[in-house]
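Read the structure below first, then the notes.
2 protein chains.
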Amino acid sequence: MITLPAKAKEALDQALAKGGMRSTRQREQIYAVLLKKRDHPSADEVYSRAKEVMPTISLATVYNCLETLVDCGLIKKLNYEREPSRFCPNDGEHAHFLDEANGRVYDILLPPEFHDTIRNILPEGFEAKKVKLSFTGYAPKNIDSNVI
Amino acid sequence: MITLPAKAKEALDQALAKGGMRSTRQREQIYAVLLKKRDHPSADEVYSRAKEVMPTISLATVYNCLETLVDCGLIKKLNYEREPSRFCPNDGEHAHFLDEANGRVYDILLPPEFHDTIRNILPEGFEAKKVKLSFTGYAPKNIDSNVI
DNA sequence: ATTGATTTTTGGAATCATTCCAATTTACTG
DNA sequence: CAGTAAATTGGAATGATTCCAAAAATCAAT
Numbered sequence: 015m016i017t018l019p020a021k022a023k024e025a026l027d028q029a030l031a032k033g034g035m036r037s038t039r040q041r042e043q044i045y046a047v048l049l050k051k052r053d054h055p056s057a058d059e060v061y062s063r064a065k066e067v068m069p070t071i072s073l074a075t076v077y078n079c080l081e082t083l084v085d086c087g088l089i090k091k092l093n094y095e096r097e098p099s100r101f102c103p104n105d106g107e108h109a110h111f112l113d114e115a116n117g118r119v120y121d122i123l124l125p126p127e128f129h130d131t132i133r134n135i136l137p138e139g140f141e142a143k144k145v146k147l148s149f150t151g152y153a154p155k156n157i158d159s160n161v162i
Numbered sequence: 015m016i017t018l019p020a021k022a023k024e025a026l027d028q029a030l031a032k033g034g035m036r037s038t039r040q041r042e043q044i045y046a047v048l049l050k051k052r053d054h055p056s057a058d059e060v061y062s063r064a065k066e067v068m069p070t071i072s073l074a075t076v077y078n079c080l081e082t083l084v085d086c087g088l089i090k091k092l093n094y095e096r097e098p099s100r101f102c103p104n105d106g107e108h109a110h111f112l113d114e115a116n117g118r119v120y121d122i123l124l125p126p127e128f129h130d131t132i133r134n135i136l137p138e139g140f141e142a143k144k145v146k147l148s149f150t151g152y153a154p155k156n157i158d159s160n161v162i
């Protein structure tokens with residue numbers, strides 16, 4: 015069991031309550047695991063890490079919890095081609111950069127007005143609920159953080 | 015059998031030759047099918063349409079041909095979550111808009127400088143080979159073309 | 001054209017991330 | 001504390017895609 019930072023715990027409980035969902039140990043641990051190492055792990059990788067802090071958790075539960083957190087808006091689901099989905103506990107708007115050399119994904123923080131700018135290129139009548147911007151290529155070496 | 019427009023046929027043969035690949039009836043028909051109705055079909059849907067013009071073609075071949083065309087740069091592969099991949103015979107740079115109401119995907123043509131602008135937001139040292147911009151939401155009704 | 005070497009196509013089996021299921025356990029309400 | 005609804009669990013099922021080995025088709029050189 016790991017302890018979720020008080021602030022995160024609060025955000026989690028609120029987000030769950032808003033959707034009429036219950037706060038459970040499993041959901042808390044999955045969220046804690048994602049916040050601890052922010053490297054965009056797959057469901058399977060989350061399962062591995064979760065088992066270390068809660069050995070009896072099941073893979074099905076990991077999938078359920080991840081889906082719940084996505085629905086709550088606390089985390090994001092990333093997809094590259096049809097590879098296993100990866101998860102990102104960054105709720106702000108940002109782009110993603112996949113480094114082809116090592117498979118790592120970086121969060122690229124954008125200037126605050128950027129998403130609006132992008133939305134404005136849409137022709138009259140198109141209403142975007144979600145905007146996804148993602149890059150693939152090579153990241154500079156010696157980057158330590160996954161959030162840029 | 016459908017006839018591939020002369021210009022497209024030429025582009026296909028050239029693109030294949032450049033990669034040391036052979037021109038085959040199957041590849042030609044798959045490309046023709048994609049150009050005929052530009053609605054971003056899945057591999058399965060391409061298979062249905064291909065069988066109408068070439069009844070003996072196999073699903074495996076459809077997958078093979080689509081992959082080849084993607085590798086040649088003649089078509090693009092689109093992915094939404096982990097739904098079946100869809101294919102787009104538009105080789106220019108453009109964004110995609112998925113209409114949640116009916117599942118249709120629209121090509122959104124961008125101002126020519128836009129992709130460069132987007133690339134420029136990347137921090138020093140990040141080299142993007144591919145940029146993907148996609149929207150999800152509601153498109154205006156009564157749109158006839160899939161290319162905007 | 002025919003041969004030979006190399007690709008490509010083909011049908012069916014295999015893969016594997018994810019979803020589904022029914023039974024048990026857990027969390028909330030009164 | 002009891003009752004009810006939601007969540008967790010392990011295992012089975014799903015389904016798009018890939019893999020495989022054999023047959024067919026393409027291209028280059030004769």
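Chains X and U, in that order, give the protein sequences.
If you read the first sequence in our numbering, its first letter stands for residue 15, the second for the next number, and so on.
If you read the second sequence in our numbering, its first letter stands for residue 15, the second for the next number, and so on.
Ideal Cβ placement from N, Cα and C applies to all residues, glycine included.
- Taking CB atoms only, Ala74 of chain U has no neighbour in chain X less than 9 angstroms away.
- Closest by C-alpha distance to Met15 of chain X, out of X:Leu30, X:Ala25, X:Val47, is X:Val47.
- Closest by C-alpha distance to Ala74 of chain X, out of X:Arg39, X:Ile89, X:Asp58, is X:Asp58.
- Residue environment: Ser148 of chain X is assigned as buried (16 or more neighbouring CB atoms within 10 Å of its CB, all protein chains considered).
- Between the region 59–68 of chain X and the region 81–92 of chain X there are fewer than three inter-stretch CB-CB distances shorter than 8 angstroms, so the stretches are not counted as touching.
- Rounded to whole angstroms, the gap between the alpha carbons of Glu97 of chain X and His110 of chain X is 15 angstroms.
- Val161 of chain X and Asp53 of chain X have their C-alpha atoms spaced approximately 9 angstroms apart.
- Under the three-state reduction of DSSP output, Asp58 of chain U falls in the helix class.
- Within the region 119–148 of chain U, the runs of beta strand (DSSP E) that reach at least 3 residues and sit entirely inside it are, in chain order, 119–123.
- Residue pairing by DSSP puts Ala109 of chain X in a beta bridge opposite X:Ile122.
- For Cys102 of chain X, the pairing in a beta bridge is given by DSSP as X:Lys90.
- Residue-level contact check: Ser37 of chain U does not touch chain X, since none of the beta carbons of chain X fall below 9 angstroms from its beta carbon.
- If you check the CB distance, Phe101 of chain X and Leu80 of chain X come in under 9 angstroms.
- Taking 9 angstroms as the cut-off, the beta carbon of Gly151 of chain U is found no closer than this to the beta carbon of Phe128 of chain X.
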